[in-house]
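The structure appears right after this line, and notes come after that.
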Amino acid sequence: MAQEVLSITQLNEYIRGRMDTDPLLTQVAVRGEISNYKLYPSGHHYFTLKDESSALKCVMFKGNAIRLRFRPENGMKIIAMGRVTVFPRDGAYQLYCAAMAMDGIGDLYAAFEQLKKKLEAQGLFDPTHKKPLPKYPGTIGIITSSAGAAVHDMLRILRKCYPLTRVRLLPVRVQGAEAPGEIAAAIGYANHYKLADLLIVGRGGGSIEDLWAFNDERVAQAIYASNIPVISAVGHEPDVTISDFVADLRAATPSNAAELAVPDQDALRQNLDAMSTAMAVALNRQLKAARQHLNTLAQSPVLRNPTGYIQQQGKGLELLKNRLISAQNQAINQKKQRYIAAVSKLDAMSPLKVLTRGYSMAQTSAGEVLRSVHQVELRERVSIRLTDGILSATVMDKKEESQ
Numbered sequence: 000m001a002q003e004v005l006s007i008t009q010l011n012e013y014i015r016g017r018m019d020t021d022p023l024l025t026q027v028a029v030r031g032e033i034s035n036y037k038l039y040p041s042g043h044h045y046f047t048l049k050d051e052s053s054a055l056k057c058v059m060f061k062g063n064a065i066r067l068r069f070r071p072e073n074g075m076k077i078i079a080m081g082r083v084t085v086f087p088r089d090g091a092y093q094l095y096c097a098a099m100a101m102d103g104i105g106d107l108y109a110a111f112e113q114l115k116k117k118l119e120a121q122g123l124f125d126p127t128h129k130k131p132l133p134k135y136p137g138t139i140g141i142i143t144s145s146a147g148a149a150v151h152d153m154l155r156i157l158r159k160c161y162p163l164t165r166v167r168l169l170p171v172r173v174q175g176a177e178a179p180g181e182i183a184a185a186i187g188y189a190n191h192y193k194l195a196d197l198l199i200v201g202r203g204g205g206s207i208e209d210l211w212a213f214n215d216e217r218v219a220q221a222i223y224a225s226n227i228p229v230i231s232a233v234g235h236e237p238d239v240t241i242s243d244f245v246a247d248l249r250a251a252t253p254s255n256a257a258e259l260a261v262p263d264q265d266a267l268r269q270n271l272d273a274m275s276t277a278m279a280v281a282l283n284r285q286l287k288a289a290r291q292h293l294n295t296l297a298q299s300p301v302l303r304n305p306t307g308y309i310q311q312q313g314k315g316l317e318l319l320k321n322r323l324i325s326a327q328n329q330a331i332n333q334k335k336q337r338y339i340a341a342v343s344k345l346d347a348m349s350p351l352k353v354l355t356r357g358y359s360m361a362q363t364s365a366g367e368v369l370r371s372v373h374q375v376e377l378r379e380r381v382s383i384r385l386t387d388g389i390l391s392a393t394v395m396d397k398k399e400e401s402q
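Given below as C-alpha cells:
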C-alpha cells in the first residue's frame with residue numbers, strides 16, 4: 000500500500016484540525032512570565048510566555064485586549080486563558096489568548112522595583128540634580144553597541160538635523176554579564192577625558208532580559224556621577240529602565256534621543272531668516288526715524304540762519320545784563336538808605352549834640368565821665384569839655400547833695 004503524500008498545507012491543516020478538537024487545547028489556562036511583549040498599532044498584543052525551561056508564543060487580539068484591566072508588561076507573571084492551535088502559514092502553534100489575570104511579578108521585575116526604590120531613596124532620581132542639555136553641542140558621545148541598528152539610526156538623524164556636531168562612538172556590549180561594567184566604564188572614560196558635551200547611552204529594543212544591563216546599579220551610579228549631561232535611550236517607548244530615571248533626559252527610542260540632542264538645522268535656518276527679516280525691519284525703522292530727525296534739524300532756525308540765532312541770543316544776553324545792573328543798583332540804593340538812617344540815629348544819640356545846647360561834660364584825668372563827687376579827690380585835676388574846646392581845672396572843693 001502506497002503511503003499518502005501530503006502537502007505542507009494539508010499537514011498543517013490536519014494538525015490544526017486535531018488540535019482544534021482536543022478538549023484540553025481548546026480551553027486551556029497557562030501560567031508563565033511575559034517576555035518580548037509588543038503592542039502593535041492595530042491593537043493586537045504579541046508576547047511570549049515562559050517558565051524555567053520552556054516558552055510559548057501568544058497573541059491576544061484587540062477585541063479581547065480591550066477588556067483587560069491592566070497593561071501587560073515584560074516580567075509580569077500571569078495566567079493566560081485561551082486555545083492553542085496552529086497558524087497554517089507558519090506551521091507554528093501558539094496560544095490565542097482570550098483573557099489573562101496577574102499571577103504575581105517575575106523575578107526580574109521584582110529586582111527592578113527593589114533597585115528602583117533603593118536608588119530613589121538615595122536621591123539618584125532627584126530632579127534638582129538633573130543637568131540641562133547644551134543647546135548646540137559641539138561633540139556628542141554615543142555609548143552603545145557598534146553592531147546594532149540603533150547607532151546607525153542615531154548617526155543618520157544627527158547628520159540630517161545638525162551636521163555641525165561631531166560624534167564620538169564609544170562601543171560597548173549592551174547585554175550580557177559584561178555589559179554593565181563596560182557601559183559604566185565608558186561613561187567614566189568620557190568624563191575623565193572630557194570627550195563630549197553630551198552623552199547618549201542606550202540600545203535598541205528587546206526583552207527585559209536584553210535591556211537588563213541598563214537596570215544595573217553600576218550604570219545608574221555612573222550616570223549620576225557624570226559631569227556631562229546624559230540622555231538615556233533604551234529600547235522602545237513602553238520600555239522603562241533604571242537608567243531612564245537617573246539620566247538628565249529620557250528618550251523614547253535611540254532615534255528620539257538623536258532628535259532631542261541637537262537642534263534641527265531647518266528650524267535654525269527658519270529662525271535665522273526670521274531674525275534677519277526682523278533686523279532689516281528694525282534697521283529701516285531706525286533709518287527712517289533718523290532721517291526724520293535730520294529733516295527736523297535742517298528746518299530749525301539755528302541751522303538755517305546761524306547769525307540770526309547769535310543775534311537773538313545776544314539780545315537775550317543784553318537784556319539779562321540790564322536786569323542784573325538794575326537789580327544791583329536797586330540793592331545799593333536800599334543799603335545806602337539804610338546807612339543814612341543809621342547814621343542819623345547815631346548822630347542824634349551823640350553826646351556832642353548835647354554840648355551845643357550849653358551843656359558841658361567833666362572827665363577825670365583817666366578820661367572817665369564824672370557822674371559822682373566820689374570819683375575825684377580834692378586837688379585832683381579834671382577836664383571840662385565844652386562845645387568849642389576843653390578846660391583843665393583843679394578840684395578845690397566838693398560837696399555832696401542828698402537826692
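For what it's worth, numbering that gives the first Met the number 0 labels the leading residue of the sequence shown as 0, then goes sequentially.
Glycine residues also receive a C-beta, built at the ideal position from the N, C-alpha and C atoms.
Note that the structure is a prediction, hence the values are computed from the model and not measured.
Residue i - containing alpha helix (DSSP H), residue span
| i | result |
| --- | --- |
| Leu267 | Gln264 to Ala297 |
| Ser144 | Looking at the DSSP string, Ser144 is not in any alpha helix (DSSP H), and its letter there is neither H nor E. |
| Val229 | First-last for Val229: Val229 to Val233, but that is the beta strand (DSSP E), not the alpha helix (DSSP H). |
| Tyr135 | First-last for Tyr135: undefined, no H or E at that position. |
| Glu3 | Counting along the chain, Glu3 falls outside any alpha helix (DSSP H), and DSSP gives it neither H nor E. |
| Asn255 | Pro253 to Ala260 |
| Ile186 | Ala178 to His191 |
| Phe124 | Run containing Phe124: none; DSSP gives neither H nor E here. |
| Ser242 | Ile241 to Val245 |
Chain C contact for residue i (CB, 7 Å cutoff)
| i | result |
| --- | --- |
| Leu271 | In the structure shown, chain C cannot be found, because there is only a single protein chain. |
Delimiting residues of the beta strand (DSSP E) encompassing residue i
| i | result |
| --- | --- |
| His44 | His44 to Lys49 |
| Asp195 | Looking at the sequence itself, residue 195 is Ala, so the reference to Asp does not match. No beta strand (DSSP E) contains Ala195, which DSSP labels as neither H nor E. |
| Leu55 | Ala54 to Met59 |
| Leu10 | Careful: Leu10 lies outside any beta strand (DSSP E), inside the alpha helix (DSSP H) at Ile7 to Asp19. |
| Arg217 | Taken as a continuous stretch (DSSP letters only), Arg217 belongs to no beta strand (DSSP E), being part of the alpha helix (DSSP H) at Glu216 to Ala224. |
Of the residues the options, the one placed nearest residue i, counting alpha carbons only
| i | options | result |
| --- | --- | --- |
| Met18 | Lys117, Arg337 and Tyr92 | Tyr92 |
| Glu72 | Leu48, Val85, Ser299 and Ser53 | Leu48 |
| Ile77 | Arg68, Met99 and Glu376 | Met99 |
| Arg70 | Pro237, Arg88, Asp89 and Val261 | Pro237 |
| Thr164 | Asp196, Arg384 and Gly62 | Asp196 |
| Thr386 | Leu377, His373, Tyr358 and Val368 | Tyr358 |
| Asp243 | Ala189, Asp263 and Glu216 | Glu216 |
| Ala260 | Lys344, Arg284 and Gly137 | Gly137 |
| Met80 | Ala28, Ser325, Lys314 and Lys193 | Ala28 |
| Lys193 | Glu177, Glu208 and Leu169 | Leu169 |
| Pro409 | Glu32, Ala64 and Gly313 | With the chain represented from 0 up to 402, any question about residue 409 goes unanswered, as that position is not in the structure. |
| Gly205 | Gly180, Asn226, Gly234 and Pro179 | Gly234 |
| Asp265 | Ile156, Tyr36 and Leu118 | Ile156 |
| Val245 | Ala120, Ile207, Arg378 and Glu258 | Ala120 |
| Gly203 | Val173, Leu94 and Ile227 | Val173 |
| Lys61 | Tyr95, Met75, Asn35 and Arg30 | Tyr95 |
| Ala232 | Asp209, Leu118, Ala257 and Arg167 | Ala257 |
| Glu208 | Leu123, Thr84 and Met75 | Met75 |
| Asn11 | Lys130, Arg88, Thr393 and Tyr308 | Arg88 |
| Leu390 | Arg68, Arg380 and Ala54 | Arg380 |
| Leu132 | Gly388, Pro262, Gln336 and Lys115 | Pro262 |
| Ile199 | Asp247, Thr295 and Ala330 | Asp247 |
| Met360 | Leu316, Ala392 and Ile339 | Ala392 |
| Thr20 | Leu318, Leu319, Arg82 and Leu114 | Arg82 |
Buried versus exposed call for residue i [16 or more other C-beta atoms within 10 Å across all chains shown]
| i | result |
| --- | --- |
| Ile395 | Ile is not the amino acid found at residue 395; the sequence shown has Met there. Counting Cβ neighbours within 10 Å, Met395 comes out exposed, since fewer than 16 surround it. |
| Leu240 | Position check: residue 240 holds Thr in this sequence, whereas Leu was assumed. That one is buried. |
| Tyr188 | exposed |
| Asp125 | exposed |
| Ile7 | exposed |
| Arg324 | First, the amino acid is wrong: residue 324 is Ile here, not Arg. Exposed, since its Cβ has fewer than 16 Cβ neighbours within 10 Å. |
| Ser225 | buried |
| Pro162 | exposed |
Strand pairing of residue i, partner residues [DSSP]
| i | result |
| --- | --- |
| Ser325 | DSSP, once it has assigned bridges, lists no residue as partnering Ser325. |
| Ile383 | Ala361 and Leu390 |
| Ala79 | Val29 and Met99 |
| Lys368 | Residue 368 is actually Val in this sequence, not Lys. Partner(s): Gln362. |
| Pro170 | Thr143 |
| Gln93 | Thr84 |
| Ser34 | Thr47 |
| Arg165 | Thr138 |
| Arg155 | Paired residues: none, contrary to the question. |
| Arg68 | For Arg68, which the question treats as bridged, DSSP gives no partner whatsoever. |
| Arg202 | Val233 |
| Leu248 | Ile230 |
Validate contact between the segment 176 to 184 and the segment 283 to 300 using beta carbons, cut 8 Å, 3 pairs: Output reads no: the segment 283 to 300 does not touch the segment 176 to 184.
Does the segment 138 to 154 come into contact with the segment 216 to 225, if we say contact requires no fewer than three beta-carbon pairs (one atom in each stretch) closer than 8 Å? Judged by Cβ distances under 8 Å, the segment 138 to 154 makes no contact with the segment 216 to 225, as fewer than three pairs qualify.
Three or more C-beta pairs below 8 Å linking the segment 252 to 264 and the segment 146 to 159: They touch, by the three-pair rule.
Give a yes or no on contact between the segment 202 to 217 and the segment 104 to 124, applying the rule of three or more CB pairs nearer than 8 Å. Result yes; three or more Cβ-Cβ pairs closer than 8 Å.
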